[in-house]
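Structure first, commentary second.
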Amino acid sequence: MSPRNMKTAVKFERVLKDHLSAPDQAAKYLPACYEEGPDVFLQALRDVVEAQGGMTRTARVAGLNRESLYRQLSRRGNPSLASLDAVLSALGLKLHFAAG
């Protein structure tokens with residue numbers, strides 16, 4: 593990757609992180625990513641966790657082990673519903689269902 597492209601990528605990540613630090617924006621981002629599939633959703637959830645204080649803070653607030661949280665939110669992760677609920681609560685978010 594050229595230095596120019598690297599600079600653009602860093603800017604995008606910074607903008608995304610700034611955007612997702614607001615819970616109302618994260619609440620719009622996560623459902624859209626969920627519709628794209630589990631892999632995209634887990635990446636989106638990692639993005640939100642990082643934007644809102646990082647894995648250490650989220651694990652502490654959620655009452656989860658940090659290493660376990662990293663594994664659960666990895667590409668191959670498969671978080672339990674209880675863990676997902678704890679993470680979302682730590683981020684100030686709630687899971688909602690609607691008829692399609």
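Note that this note's numbering has the sequence shown beginning at 593, numbered continuously upward. Quick reminder that beta carbons are idealized off the backbone N, C-alpha and C, glycines included.
- Message: Tell me the residue span of the alpha helix (DSSP H) that contains residue 660.
- Response: 658-664
- Can you tell me the Cβ-Cβ gap for residue 682 and residue 653, rounded? I've got them flagged as a contact below 8 Å. 4 Å
- Message: To the nearest angstrom, how far is the alpha carbon of residue 660 from that of residue 611?
- Response: 26 Å
- Euclidean distance between Cα positions of residue 632 and residue 668: 12 Å
- Kindly list the residues whose CB is nearer than 8 Å to the CB of residue 620, restricted to its own chain and excluding five residues on each side of it in sequence; keep chain order. none
- C-alpha distance - residue 614 paired with residue 644, whole-angstrom precision: 8 Å
- Enumerate in chain order the residues of its own chain whose CB-to-CB distance from residue 671 is below 6 Å, with the five nearest sequence positions on each side excluded. 664
- Query: If you draw a straight line from the alpha carbon of residue 605 to that of residue 677, how long is it in whole angstroms?
  - Reply: 26 Å
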